[in-house]
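Per our numbering: the sequence shown = residues 26 to 434. Where a beta carbon is used, it is the ideal one built from N, C-alpha and C, also for glycine.
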Amino acid sequence: MGAIGRRVIRDEGARYRFLLGSCGVYTTLFLLQLYQTYSGLKPWAISGAAAAATVALMALCIFAIPRLVPSRLSRAAVPLMLVVAATTSCALPEPVDGVGMDTIVVTDSARNRKFAIDMWYPSDDAHPDWYRPVPLVRPVFVSRGAKPAAGKHPLVLISHGALGFRYAQAWLAEQLASKGYIVAALDHPGSMRGNLTGEGMFTLWNRALDVTFAIDQLLADKRWSSLIDASKIGFNSHSAGGHTGLLLAGGHFDPRVFRAYRDTNPSGDIYAKELKQYDALEATIDATPYQKSYRDARIGAFLLMAPSPVTGFDAKSLQQITAPVRIYASKRDEINPLEAHALFAAHNIPGASLRINDAGHFVYVVGGSIFGKRAIPSIFDDASDIDRTRIQAELAIDASNFFDDKLGH
Numbered sequence: 026m027g028a029i030g031r032r033v034i035r036d037e038g039a040r041y042r043f044l045l046g047s048c049g050v051y052t053t054l055f056l057l058q059l060y061q062t063y064s065g066l067k068p069w070a071i072s073g074a075a076a077a078a079t080v081a082l083m084a085l086c087i088f089a090i091p092r093l094v095p096s097r098l099s100r101a102a103v104p105l106m107l108v109v110a111a112t113t114s115c116a117l118p119e120p121v122d123g124v125g126m127d128t129i130v131v132t133d134s135a136r137n138r139k140f141a142i143d144m145w146y147p148s149d150d151a152h153p154d155w156y157r158p159v160p161l162v163r164p165v166f167v168s169r170g171a172k173p174a175a176g177k178h179p180l181v182l183i184s185h186g187a188l189g190f191r192y193a194q195a196w197l198a199e200q201l202a203s204k205g206y207i208v209a210a211l212d213h214p215g216s217m218r219g220n221l222t223g224e225g226m227f228t229l230w231n232r233a234l235d236v237t238f239a240i241d242q243l244l245a246d247k248r249w250s251s252l253i254d255a256s257k258i259g260f261n262s263h264s265a266g267g268h269t270g271l272l273l274a275g276g277h278f279d280p281r282v283f284r285a286y287r288d289t290n291p292s293g294d295i296y297a298k299e300l301k302q303y304d305a306l307e308a309t310i311d312a313t314p315y316q317k318s319y320r321d322a323r324i325g326a327f328l329l330m331a332p333s334p335v336t337g338f339d340a341k342s343l344q345q346i347t348a349p350v351r352i353y354a355s356k357r358d359e360i361n362p363l364e365a366h367a368l369f370a371a372h373n374i375p376g377a378s379l380r381i382n383d384a385g386h387f388v389y390v391v392g393g394s395i396f397g398k399r400a401i402p403s404i405f406d407d408a409s410d411i412d413r414t415r416i417q418a419e420l421a422i423d424a425s426n427f428f429d430d431k432l433g434h
């Protein structure tokens, strides 16, 4: 074999090793990200490193690797790098200084309900970790278990939608905590991601009781009561959480009116449509608890995002609400028609302020990861002209100003 042939073989081997090694680097970065989701690993530079490595290695693959490398290998390696790089270098939020987080679990024995609460709070001892509870959502930078900042702070409770869970409005919880609020984001068993039942959807008064119970527990716990200003309590919600908020504000809901509305097959009301499969179950449920008042006078301000179901609330009861209310609604709400839900509430609650954006129902949910956008596009993948990150940043500022004003923070 001549010198040229030996050099060709040597160069081919080097190129093979280079490409395989590059794929190995990206695979390692990818696995680190998955591992970090469930651990305390702090891969601060992973995203930046992946982006830089992408440019460098792709340049080498395209310009520096001779034609000696078989085309099949090139075609296989380059797309793999792109896929893994997209996963590891997907947009990550910047750390928010001074935010701590902890998760507590409370049990209401009287109702046989046990649920988790994510507590977000200001902290002077923050050492942010990259955290997300499931791979479907974008992470946040937060100091889990950090020592809370001393002093009394306003409290805001967050109630998620029927397909959500306590992390669904993490984008807002994080920002409010950075502004000096303590935020308690609840899970609602029976009407949440991973635990959604027909019975849970027809007994939404339990959600209001969850919130009241959470306030009771936090104010009775020395750790939290020493940090919470009980005279400054606010409430935030999304979707079914808005129903919860209206109950807590003093609204009265008649499920018979809501059932009559659903029987008309209202156009564009996906929520009403999805409940039809549970019509037989609804007939077996005792709805008399809805006749009670669930008003919690300790809550001094309500911010409701795309509230539903609202049809069924008595207009007169909404007109008697005295707490400040702000409602966010979306022109392109694909779940609940504005007229029957958000606008009905806004028009009947005295002094309610209304903010309408040109987005969809799920723009109020934390952004999805590359996995989330592929797995559940209906929730995480917005139309091309909708910038969820920008909208949430603007809403976070508005929400903070609203609570500052109404709670006197």
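- Under the three-state reduction of DSSP, S134 is assigned to coil, being neither helix nor strand.
- Relative to K172, the option among M330, H268, G125, L244 whose CA is nearest is G125.
- For I374, the number of other beta carbons within 10 angstroms of its own is at least 16, and it is reported as buried.
- The C-alpha of P314 lies about 8 Å from the C-alpha of T228.
- Cα atoms of I253 and R232: separation of roughly 22 Å, rounded to the nearest angstrom.
- The three-state secondary structure of L252, taken from DSSP, is coil.
- Counting other Cβ atoms within 10 Å of its Cβ, Q200 reaches 16 or more and is therefore classed as buried.
- The three-state secondary structure of N361, taken from DSSP, is coil.
- Contact annotation: A331 and G267 have beta-carbon atoms nearer than 8 Å.
- Beta bridge pairing from DSSP links S184 with L211, S262.
- In the DSSP assignment, F327 falls within the beta strand (DSSP E) that extends over 324-330.
- For L243, the enclosing alpha helix (DSSP H) starts and ends at 230-245.
- According to the DSSP secondary-structure assignment, D127 is paired through a beta bridge with M144.
- Ranked by how close their Cα comes to the Cα of Y303, the residues S168, F427, A135, R287 have R287 in first place.
- Taking 8 Å as the upper bound for CB-CB distance, R218 and A141 are not in contact here, some 12 Å apart.
- For L161, there is no enclosing beta strand (DSSP E), as DSSP marks it with neither H nor E.
- The beta-carbon distance between I411 and V390, rounded to whole angstroms, is 13 Å. This is too long to meet the 8 Å contact definition.
- Taking a contact to require three or more Cβ pairs closer than 8 Å, the stretch 316-334 and the stretch 270-287 qualify as touching.
- The alpha-carbon separation between T347 and A175 amounts to approximately 32 Å.
- Looking at the DSSP output, D154 sits in a beta bridge with V167.
- The three-state secondary structure of H178, taken from DSSP, is strand.
- For S378, the secondary structure class from DSSP, reduced to helix, strand or coil, is strand.
- Beta-bridge partners of L221 (DSSP): G215, S216.
- Between T309 and A274, the alpha-carbon positions lie close to 28 Å from each other.
- The secondary-structure analysis by DSSP pairs V335 with nothing; it has no beta-bridge partner.
- Excluding sequence positions up to five before and after S168, its CB lies within less than 8 Å of the CB of V124, G125, M126, S148, D150, A151, H152, P153, D154, all in the same chain and listed in chain order.
- A direct Cα-Cα distance of roughly 9 Å separates G189 from H263.
- In the DSSP assignment, the residues bridged to Y353 are M330, R380.
- Comparing C-alpha distances from I129 to each of A377, G293, V208, A305 shows the shortest one belongs to V208.
- Distance from the CA atom of D406 to the CA atom of Q316, rounded to whole angstroms, is 39 Å.
- For Y156, same chain residues with a beta-carbon under 8 Å away, outside a window of 5 residues either side, are M126, P164, V165, F166, V167, R169 in chain order.
- Of all C-beta pairs linking the stretch 370-385 to the stretch 339-357, three or more are shorter than 8 Å, placing the two stretches in contact.
- The Cβ atoms of R320 and L234 lie no closer than 8 Å to each other.
- Residue nearest to L432 within the set V388, I324, P291, G393 is I324 (criterion: CA-CA distance).
- Of the candidates G276, S256, P280, I381, I381 places its Cα closest to the Cα of E419.
- The beta-carbon distance between L328 and N261, rounded to whole angstroms, is 5 Å. This is short enough to meet the 8 Å contact definition.
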